[in-house]
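S.K.: In UniProt numbering, the protein residues as written are 1 to 373. Glycine included, every Cβ here is placed at the ideal spot set by N, Cα and C. Computed from a predicted structure; not experimentally measured.
1. Using 8 Å as the threshold, is the C-beta distance between residue 187 and residue 140 below it?
2. Taking the alpha-carbon of residue 310 as reference, which of 115, 122, 205, 48 has the nearest alpha-carbon?
3. Let me confirm a value: residue 94 is counted as buried when at least 16 other C-beta atoms fall within 10 Å, else exposed. Which label applies?
4. May I have the straight-line CA-CA distance separating residue 159 from residue 191, to the nearest angstrom?
5. Hey, how far is the Cα of residue 130 from the Cα of residue 319?
6. What whole-angstrom Cβ distance do residue 368 and residue 265 have, given they're in contact under 8 Å?
7. How would you write the range of the alpha helix (DSSP H) that residue 275 sits in, first residue to last?
8. What would DSSP say about residue 337, mapped onto helix, strand or coil?
9. Indicate whether residue 293 and residue 326 have their beta-carbon atoms separated by less than 8 Å.
10. Have a look at 275, 51, 271, 288 and flag the residue whose alpha-carbon is nearest the alpha-carbon of residue 260.
11. List the endpoints of the continuous alpha helix (DSSP H) containing residue 159.
12. Give every residue of the same chain whose Cβ lies closer than 8 Å to the Cβ of residue 88, excluding the five residues on either side of it in the sequence, and list them in chain order.
13. Is it buried or exposed, residue 246, if we count other Cβ atoms within 10 angstroms and call 16 or more buried?
14. Measuring only the C-alpha atoms, how far is residue 392 from residue 299?
15. Go through the segment 116-204 residue by residue and report every complete run of the alpha helix (DSSP H) that reaches 4 residues or more, in order.
16. Looking at residue 267: is its Cβ nearer than 8 Å to the Cβ of residue 248?
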């Protein structure tokens, strides 16, 4: 790293001066200082130039890797489609704007709609890709494409639009399927992820972002579960999800926190003694507020742009498929589930205040997690 090279140069320079003073404390340092003044700036420039070339090389390698991944995903995408294309199935009707973007009319046949969707997505700008899904930008629209897309998220975003219209979340614009692939259309949220921007933000900018996120989550958490309504997802079968290294979904709707805690403990290892299971259950509480929760609150799901003054601002929160009604500590617990032991980021010191204060619940969850091994 350049920082280390600069330190070595400064240490070497300091040693030369120190040695000269040791040999003759009253000696004339002008010749040495003149020499250092001539060579030191050049050495600094050499380090900076080497570092710049290294960064450019890494950036080129990263871009090449991204292009390879995009090509790999597009190959997977095209190979996943049957031929000839089956008629498009409409799960949630596409908005008029999406139809206009695809160049199709209201009465376009399902077969023609399939061709339009596949063509436009294949030629869109890939902004994120995974092993079996991707997000493609088509103008002001983002399309989540894949074989394992949660259809519930479309209804969740509709719920947010209706009950929290000012919340900076994508707007659901339709969901279609072609063969085994789903195409979830939503409004595009501009910017870079907070994960990308965080290291370059100043202390004040980080505090500003924290304040904005606190306001957003406080508004989200102000929506409490209606009496008699089930926990978890707001759509479909209304089930609860526990997203960790994998996803565990409740088999039936859950209507109280006691049953929710039993669900969390249901994956405890079969090797765990009954007494140990009872002890874990005795540590859990059944009287938390049940509030609307994002469920995957992480810098990669927070988008940031710069305003007219150059100040970083939150443009939106994305990826709401884990959203639902959960105990008030759940947002913090799910956020901390993604924290690695070796993670040195100070993001964890800037979590929104409204989700803090549940250290006991986090500690109990760690014990429950150990019981699953």
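M.R.: According to the data block:
1. yes
2. 205
3. buried
4. 24 Å
5. 14 Å
6. 6 Å
7. 274-283
8. coil
9. yes
10. 288
11. 152-163
12. If we look at residue 88 and ignore the five residues flanking it on each side, its Cβ neighbours are 110, 111, 113, 114, 117, 176, 177, 178.
13. exposed
14. Residue 392 lies beyond the stretch modelled for the chain, which goes from 1 to 373, so this question has no answer here.
15. 152-163, 194-197
16. yes
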